[in-house]
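Chemist: First, the structure itself, so that you have it in front of you.
2 protein chains.
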Amino acid sequence: MRFTSEQRLDDGVLEREFTLGEIPGVLWTPGSAPAPLILSGHNGGLHKRLPRLVARARHYAAEYGFAVAAIDAPGHGDRPRSAVDEQARADLRRALEAGEPVDEIVDAFILPLAEKAVPEWRTTLDALLSLPEIGGPVGYEGMTAIGIRLAVVEPRISAAVFFAGGFVPGTLVEEARQVTIPLQFLLQWDDEGMERQPVLDLFDAFGTKEKTLHANLGGHAGVPWFEVDDSARFFTRHLK
Amino acid sequence: MRFTSEQRLDDGVLEREFTLGEIPGVLWTPGSAPAPLILSGHNGGLHKRLPRLVARARHYAAEYGFAVAAIDAPGHGDRPRSAVDEQARADLRRALEAGEPVDEIVDAFILPLAEKAVPEWRTTLDALLSLPEIGGPVGYEGMTAIGIRLAVVEPRISAAVFFAGGFVPGTLVEEARQVTIPLQFLLQWDDEGMERQPVLDLFDAFGTKEKTLHANLGGHAGVPWFEVDDSARFFTRHLK
Chain A
1 MRFTSEQRLD DGVLEREFTL GEIPGVLWTP GSAPAPLILS GHNGGLHKRL
51 PRLVARARHY AAEYGFAVAA IDAPGHGDRP RSAVDEQARA DLRRALEAGE
101 PVDEIVDAFI LPLAEKAVPE WRTTLDALLS LPEIGGPVGY EGMTAIGIRL
151 AVVEPRISAA VFFAGGFVPG TLVEEARQVT IPLQFLLQWD DEGMERQPVL
201 DLFDAFGTKE KTLHANLGGH AGVPWFEVDD SARFFTRHLK
Chain B
1001 MRFTSEQRLD DGVLEREFTL GEIPGVLWTP GSAPAPLILS GHNGGLHKRL
1051 PRLVARARHY AAEYGFAVAA IDAPGHGDRP RSAVDEQARA DLRRALEAGE
1101 PVDEIVDAFI LPLAEKAVPE WRTTLDALLS LPEIGGPVGY EGMTAIGIRL
1151 AVVEPRISAA VFFAGGFVPG TLVEEARQVT IPLQFLLQWD DEGMERQPVL
1201 DLFDAFGTKE KTLHANLGGH AGVPWFEVDD SARFFTRHLK
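So the sequence lines, in the order shown, correspond to chains A and B.
Going letter by letter, the first sequence gives residues 1 to 240 in the working numbering.
Going letter by letter, the second sequence gives residues 1001 to 1240 in the working numbering.
This is the structure:
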């Protein structure tokens, strides 16, 4: 793990960019150490392009004493796009616009993404947990498809906040039955292009006994700010 | 309003029973005054018989500085039962056990209950707000059917936590469209005898733009304790 930039922010949080082999990432750490860790597994780019995710990470670090790490998934953010991925994205957009079923495209696109991203998260986790400023239990939050697979195969993940606003292949919905860690599941009630029933079915599918669904009005990017505090308190209950 | 008992509890909360005409109630107040008020509109009896509701009220008062009042609805708790109500209860039980539709029984039982309970809540609110130890905005939590009508007709109610584990007549589902205050809606995912879809439809029906659904695993009485803190923080956002 090689740190490529370092900046002390005005809320006292240390923000560092890093690379780990091909993987580009960002780490936010609070003043206090060792801090429990939250992995922020988002589908989009790096922090510079997703201000609301940076705001979440900094709030977790500054107000709740968590370390937070985000990496770019293969073919996302600062990483090179493959022709296959670009084709899948175009197919997905076209099918959504035409109102056609997207199950096959999602299977062909998201399942390989999760299969590539999860080993990278585990490698990143090894590196992060070797840092003296990070210690204790680990949580995951963000993209559901990657998170389900990660929660199933990685025993160091102790709790998760999943964001329901993304496509989840049927294979991973089935795998959700093996997820037994406590989780909070965020649903945007008016998410564009997402149907509500499959999300409720996925909530049902999770194998854990301690799961809470939080549904709020509004579209994909409209998660209310108070949910950041709700998520932080959920992680505080389970990671501290 | 006549106080009939007074007890300082070990968490510093003052618990007083009162009567107001025919209405028996309990008031919990914190050490600090004047405190914003939460009305606890439950369908069951008084505090002595519902320890989990007493625990909620005391936690609100001791940890968050709210005053909390509970009254017995007509025909509930310490109040005399009418033959009509007893018949309706028996009919409802029989229909539920036989798996028959209950809509007509619910309309005939719950709608008159809400119609009688709401004016009593408003009278109680007048009396409570005249006490020097109570001041500021008012919230409501508990039984949904009474709460919908109260939120529609009583402008002093600023925020509400509704518990989805009770029957709501169609008339009140329609009235829910006129509810415009912020609300949190608690659903027990495995509530015995309640279907999930009508509850989700009711969540959809509420006219307010700021509404959050919290769904947890478990049956009617199994709301996790952390939801008490979530509700308290919701009221803190909106009443303080």
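The beta-carbon is built from N, C-alpha and C at its ideal position, and this holds for glycine as well.
Give the range of the alpha helix (DSSP H) segment to which S1130 of chain B is assigned.
Modeler: Counting along the chain, S1130 of chain B falls outside any alpha helix (DSSP H), and DSSP gives it neither H nor E.
Chemist: Please decide whether A1033 of chain B counts as near chain A, where near means a Cβ-Cβ distance under 7 Å.
Modeler: Not closer than 7 Å to any Cβ of chain A, the Cβ of A1033 of chain B fails to qualify, so no.
Chemist: Check the Cβ-Cβ distances between T246 of chain A and every residue of chain B, and say whether any is below 7 Å.
Modeler: There is simply no residue 246 of chain A to check, as chain A begins at 1 and stops at 240 in what is shown.
Chemist: Any idea what DSSP makes of A1069 of chain B, helix, strand or coil?
Modeler: In this structure, A1069 of chain B counts as strand in the three-state DSSP scheme.
Chemist: Whole beta strand (DSSP E) runs in the region 1197-1235 of chain B with 3 or more residues, listed along the chain?
Modeler: The region 1197-1235 of chain B contains these whole beta strand (DSSP E) runs: 1211-1216.
Chemist: Between B:T1212, B:D1011 and B:Q1178, which has its C-alpha nearest P1030 of chain B's C-alpha?
Modeler: Nearest C-alpha to P1030 of chain B: B:D1011.
Chemist: Only counting the same chain, and skipping five residues up and downstream in sequence, which positions put a Cβ closer than 7 Å to that of A1062 of chain B?
Modeler: These residues qualify, in order along the chain: D1011, G1012, V1013 and P1030.
Chemist: Roughly how many angstroms lie between the CA atoms of R149 of chain A and A114 of chain A, to the nearest whole one?
Modeler: Cα to Cα, the separation comes out at about 7 Å.
Chemist: Who are the near neighbours of G1045 of chain B in its chain, counting only those whose CB is closer than 8 Å to its CB and skipping five residues on each side?
Modeler: Low per-residue confidence applies at G1045 of chain B: pLDDT is 49, beneath 50, and the placement is therefore not dependable, though the value from the model is reported in the following sentence. Counting only Cβ-Cβ distances below 8 Å, and skipping sequence neighbours, we find D1072, H1076, G1077 and D1078.
Chemist: Does DSSP put L1009 of chain B in a helix, a strand or coil?
Modeler: Correct three-state label for L1009 of chain B: coil.
Chemist: Quick check: the Cα distance between I1134 of chain B and G99 of chain A, rounded to an integer number of angstroms?
Modeler: Taking the straight line from one Cα to the other gives about 55 Å.
Chemist: Could you list which residues in chain A have their beta carbon closer than 9 Å to that of L1213 of chain B, in chain order?
Modeler: Here the neighbours are L187, W189, L213, H214, A215 and N216.
Chemist: Applying the criterion that 16 or more other CB atoms from any shown protein chain within 10 Å of the CB defines a buried residue, is D230 of chain A buried or exposed?
Modeler: By the neighbour-count rule (16 or more Cβ atoms within 10 Å), D230 of chain A is buried.
Chemist: Per DSSP, what are the beta-bridge partners of G1250 of chain B in this structure?
Modeler: The first residue shown for chain B is 1001 and the last is 1240, placing residue 1250 of chain B beyond what the model contains.
Chemist: Looking only at its chain, what residues have a beta carbon closer than 7 Å to the beta carbon of Q1184 of chain B, apart from the 5 residues adjacent to it on each side?
Modeler: These residues qualify, in order along the chain: V1161, T1212, H1214, S1231 and F1234.
Chemist: Quick check on the DSSP output: the alpha helix (DSSP H) that includes Q1188 of chain B runs from which residue to which?
Modeler: Taken as a continuous stretch (DSSP letters only), Q1188 of chain B belongs to no alpha helix (DSSP H), being part of the beta strand (DSSP E) at L1183 to Q1188.
Chemist: Rounded to whole angstroms, how far is the Cβ of A159 of chain A from the Cβ of H238 of chain A, which I believe are closer than 8 Å?
Modeler: With 8 Å as the limit, A159 of chain A and H238 of chain A qualify as a contact, their Cβ atoms being about 4 Å apart.
Chemist: Short check: CB of S40 of chain A to CB of V68 of chain A, under 7 Å?
Modeler: Contact flag set, yes.
Chemist: Determine the direct distance from the alpha carbon of N216 of chain A to that of P224 of chain A, and round the result to whole angstroms.
Modeler: Computed Cα separation, rounded: 8 Å.
Chemist: Could you check which residue in A:L128, A:H220, A:P155 and A:L92 has the C-alpha nearest to that of T19 of chain A?
Modeler: For T19 of chain A, the nearest C-alpha among the options comes from A:L128.
Chemist: Going along the region 54-66 of chain A in order, which residues come within less than 7 Å of chain B, judged by CB to CB distance?
Modeler: Listed in sequence order: no entries.
Chemist: Which residue comes first and which comes last in the beta strand (DSSP E) that contains P1036 of chain B?
Modeler: Element bounds for P1036 of chain B: A1035 to G1041.
Chemist: Identify the contact partners of R237 of chain A in chain B, using a Cβ-Cβ distance below 8 Å as the criterion.
Modeler: Going along chain B in sequence order, the residues near R237 of chain A (Cβ under 8 Å) are F1226.
Chemist: What are the start and end residues of the alpha helix (DSSP H) that includes G1147 of chain B?
Modeler: Taken as a continuous stretch (DSSP letters only), the alpha helix (DSSP H) holding G1147 of chain B covers T1144 to V1153.
Chemist: How many whole angstroms separate the CB atoms of A1083 of chain B and V1026 of chain B, which I take to be in contact at a CB cut-off of 8 Å?
Modeler: Not a contact, Cβ separation roughly 27 Å.
Chemist: Buried or exposed: F1003 of chain B, going by 16 or more other Cβ atoms within 10 Å of its Cβ?
Modeler: Label assigned to F1003 of chain B: exposed.
Chemist: Spatial neighbours of G1142 of chain B within its chain, please: C-beta separation below 7 Å, excluding the five flanking residues on both sides.
Modeler: Excluding sequence neighbours, G1142 of chain B sits near S1040, G1041, H1042 and F1163.
Chemist: In terms of alpha-carbon separation, which member of B:A1055, B:L1187, B:T1236 and B:L1053 lies closest to L1200 of chain B?
Modeler: Nearest C-alpha to L1200 of chain B: B:L1187.
Chemist: Taking the alpha-carbon of P119 of chain A as reference, which of A:V173, A:G222 and A:V152 has the nearest alpha-carbon?
Modeler: Nearest option by C-alpha distance: A:V152.
Chemist: Give me whichever residues DSSP pairs with L1141 of chain B in a beta bridge.
Modeler: In the sequence on display, residue 1141 of chain B carries Glu and not Leu. Answer is B:S1040 and B:V1161.
Chemist: Express the C-alpha separation of G1147 of chain B and I105 of chain A in angstroms, rounding to a whole number.
Modeler: C-alpha separation (whole angstroms): 46 Å.
Chemist: Look at the alpha carbon of D1126 of chain B and the alpha carbon of P1074 of chain B, and state the distance between them as a whole number of angstroms.
Modeler: Each residue's Cα considered, the two are about 18 Å apart.
Chemist: How close, in whole Å, do the beta carbons of G170 of chain A and L96 of chain A come, if the pair is a contact with beta carbons under 8 Å?
Modeler: 18 Å between Cβ atoms; not a contact.
Chemist: Helix, strand or coil for G947 of chain B per DSSP?
Modeler: Past the edges of chain B, shown from 1001 to 1240, lies residue 947 of chain B, and the structure says nothing about it.
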